[in-house]
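Numbering-wise (the working numbering), the sequence shown opens with residue 50 and increments by one.
Accompanying notes for the structure given below.
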Amino acid sequence: MGAWDSELLEDTRPATPPPISWPLLETLPARLAAGREPAAWRELLRSAHEELKARFLASEPVEELVHSRAALVDTVLREAWSRHCAALPGWALVAVGGYGRAELHPCSDIDILLLAPRSPDPRGGGAIEALVAFLWDIGLEVGHSVRTVAECAEECVGDVGVMTTLLEARLVAGDAELLAAMRQALAPERLWPVKQFFEAKVREQAARHLKANDTAYNLEPNVKTGPGGLRDIQTIAWVAKRHFGAETLDGLATHGFLSVAELRRLEQAQAFLWKVRFGLHTLTGRREDRLLFDYQIRLAQSFGYQDASYTLAVEQFMQRYYRTVMDVSLLNELLLQLFREAILSESEPPRPLNARFQVRNGSLEAVSEDVFQRSPAALLELFALLQQNEGLHGVRASTMRAVAKSLWLIDEEFRQNPRHHRLFLEILRSPVGVTHELRRMNTYGVLGRYIPAFGRVVGRMQYDLFHAYTVDAHTLFVV
50 MGAWDSELLE
60 DTRPATPPPI
70 SWPLLETLPA
80 RLAAGREPAA
90 WRELLRSAHE
100 ELKARFLASE
110 PVEELVHSRA
120 ALVDTVLREA
130 WSRHCAALPG
140 WALVAVGGYG
150 RAELHPCSDI
160 DILLLAPRSP
170 DPRGGGAIEA
180 LVAFLWDIGL
190 EVGHSVRTVA
200 ECAEECVGDV
210 GVMTTLLEAR
220 LVAGDAELLA
230 AMRQALAPER
240 LWPVKQFFEA
250 KVREQAARHL
260 KANDTAYNLE
270 PNVKTGPGGL
280 RDIQTIAWVA
290 KRHFGAETLD
300 GLATHGFLSV
310 AELRRLEQAQ
320 AFLWKVRFGL
330 HTLTGRREDR
340 LLFDYQIRLA
350 QSFGYQDASY
360 TLAVEQFMQR
370 YYRTVMDVSL
380 LNELLLQLFR
390 EAILSESEPP
400 RPLNARFQVR
410 NGSLEAVSED
420 VFQRSPAALL
430 ELFALLQQNE
440 GLHGVRASTM
450 RAVAKSLWLI
460 DEEFRQNPRH
470 HRLFLEILRS
480 PVGVTHELRR
490 MNTYGVLGRY
500 IPAFGRVVGR
510 MQYDLFHAYT
520 VDAHTLFVV
């Protein structure tokens with residue numbers, strides 16, 4: 050199934066975490082069942098978390114660790130449910146949010162939904178209160194809500210954030226049929242149709258980026274919410290799940306939205322950002338997602354970076370970080386454009402701009418995939434046209450891919466070509482949009498290829514308190 054003709058598939062499959070190989074989980078249920086007092090459970094949890102920390106410091110793949118912690122919490126919650134709520138017919142204990150995705154960092158929020166068959170339920174209320182109190186007694190700080198299916202639907206009507214949280218619902222214990230009923234009540238045919246959900250998530254991302262000054266290159270970035278961070282990957286996953294029921298990032302390739310190579314880039318970026326976030330939580334002992342200067346130094350050491358004659362270990366680590374989030378930003382833009390083309394299904398005929406480019410549904414599009422091979426100057430002309438045509442809101446996904454495949458054309462001969470000089474100066478002399486288009490050129494990889502000296506400082510930081518952004522970002526601000 051191609052990216053342009055994907056069906057809107059209802060997500061009826063239960064989300065299941067990946068299989069975990071951790072010997073502790075095999076013995077934990079019996080050890081928890083034998084623990085009469087909260088202190089015994091608290092000690093078992095402490096010991097398990099210490100083991101996770103040791104595995105992280107031993108450089109075990111972070112994917113195993115985030116899923117292992119979710120599996121640990123699953124085990125504890127099931128045993129606690131069995132102890133306090135086994136006699137409650139028709140209730141369900143549901144993981145939501147990041148916990149629903151089976152992704153828990155050391156200090157991640159553990160959000161659960163206690164799904165009730167009816168409201169009020171005096172019998173259930175007492176058992177649920179006892180369960181939540183017990184969880185806090187053992188040191189498991191959960192965020193919980195108690196709702197019926199109807200109440201869940203009502204909460205979602207005007208709040209895409211709640212809808213998103215419940216989209217990732219996963220059964221931990223209790224009545225599976227009740228969770229299935231909730232999924233049915235929240236299906237796109239009833240609430241938040243795919244088009245509305247997509248538009249809301251795009252607005253939400255734009256507002257979040259604005260808070261970070263629309264740049265991923267702050268010197269103390271937020272690995273979770275900053276541009277190019279984990280939230281940008283999650284936004285892609287949420288739209289994919291609402292659109293065609295994707296449970297994992299692999300679904301983006303299965304349904305034709307990403308090539309296998311692009312999928313691997315996205316997975317590698319997520320793994321690196323997960324490693325940074327896991328390290329931050331381990332280092333600070335709290336839910337800290339900001340890469341403050343002090344943490345950068347310590348994480349660089351922990352990850353094995355070493356000072357060199359030309360650059361500090363921390364600068365090497367942070368350059369890897371900034372280049373990673375730049376790649377996430379590019380893939381995020383590509384995928385949101387693909388989703389826009391597939392979900393909004395706009396059918397406006399293309400409007401020619403010149404022999405090389407046309408406008409389709411407000412986006413700039415190359416007239417054919419080989420435009421850049423036939424006319425390499427179009428690699429610069431693209432950005433000049435975006436400046437000159439205010440009605441354009443972006444670049445078509447096919448053209449973004451064509452640019453990426455054509456970067457090799459920007460060689461020394463290309464750089465010395467007088468026509469290319471004129472095009473680049475045209476971009477620089479434009480009365481509007483200079484910084485915006487230079488940023489886009491940087492993200493697409495064109496600027497660093499055209500000016501190799503600039504390419505070498507992409508993502509490079511100067512480790513002091515006198516600069517607020519990376520060298521490349523600061524340079525573009527000055528321009």
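No residue lacks a Cβ here, since even glycine has one placed at the ideal position from N, Cα and C.
Note that the structure is predicted; figures quoted are calculated from it, not measured.
Taking buried to mean at least 16 other C-beta atoms within 10 Å of its own C-beta, is residue 232 buried or exposed?
-> buried
Output the distance between the C-alpha atoms of residue 129 and residue 135, rounded to the nearest integer angstrom.
-> 9 Å
Is the beta carbon of residue 163 less than 8 Å from the beta carbon of residue 193?
-> yes
On the three-state DSSP scale, how would you describe residue 50?
-> Because residue 50 sits at a pLDDT of 28, beneath the cut-off of 50, its placement in the model cannot be relied upon, and the following sentence gives the value as read from the coordinates. It is coil, neither helix nor strand.
Can you give the beta carbon distance from residue 348 to residue 328, rounded, assuming they're within the 8 Å contact cut?
-> 5 Å
Compute the Euclidean distance between the alpha carbons of residue 226 and residue 142, then round it to the nearest angstrom.
-> 12 Å
By Cβ distance, which residues of its chain are closer than 6 Å to residue 307, with the 5 residues on each side in sequence left out?
-> 301
Indicate the three-state DSSP secondary structure (helix, strand or coil) for residue 238 in the structure shown.
-> coil
DSSP three-state assignment for residue 376, whether helix, strand or coil = helix
Going straight from the alpha carbon of residue 276 to that of residue 110, what length do you get?
-> 24 Å
Three-state secondary structure (DSSP) at residue 470?
-> helix
Contact check, residue 313 vs residue 222, beta carbons under 8 Å = no
Per-residue DSSP class, three states only, for residue 304 = coil
In the structure shown, what three-state DSSP assignment does residue 553 receive?
-> In this structure the chain extends from 50 to 528, so residue 553 is not present and cannot be described.
Name the one or two DSSP bridge partners that residue 401 has.
-> 407
How is the beta strand (DSSP E) around residue 197 delimited, first residue to last?
-> 191 to 197
Might you give, ordered along the chain, the residues of its own chain that have their beta carbon closer than 7 Å to the beta carbon of residue 497, omitting 5 neighbours on each side?
-> 491, 503, 504, 507
Could you check how far apart the C-beta atoms of residue 209 and residue 255 are, in whole angstroms? I think they sit under 8 Å.
-> Actually they are not in contact, since the Cβ atoms of residue 209 and residue 255 sit about 13 Å apart, beyond 8 Å.
Could you check if residue 343 is buried or exposed, using at least 16 other CB atoms within 10 Å of its CB as the buried criterion?
-> exposed
Would you tell me roughly how many angstroms separate the C-alpha atoms of residue 571 and residue 146, rounded to the nearest one?
-> Residue coverage of the chain in this structure runs from 50 to 528, which leaves residue 571 outside it and unanswerable.
Residue 443 (DSSP reduced to helix, strand or coil) = strand
Would you check if the distance between the CB atom of residue 148 and the CB atom of residue 181 is smaller than 8 Å?
-> no
Beta-carbon proximity check, residue 165 vs residue 196, cutoff 8 Å = yes
Spatial neighbours of residue 407 in its chain, beta-carbon cut-off 7 Å, leaving aside the 5 residues before and after = 399, 400, 401, 414, 416
Local Cβ density within 10 Å of residue 215, reported as buried at 16 or more and exposed below that = buried
Could you tell me whether the stretch 347 to 361 touches the stretch 181 to 191, where touching means 3 or more Cβ pairs closer than 8 Å?
-> no
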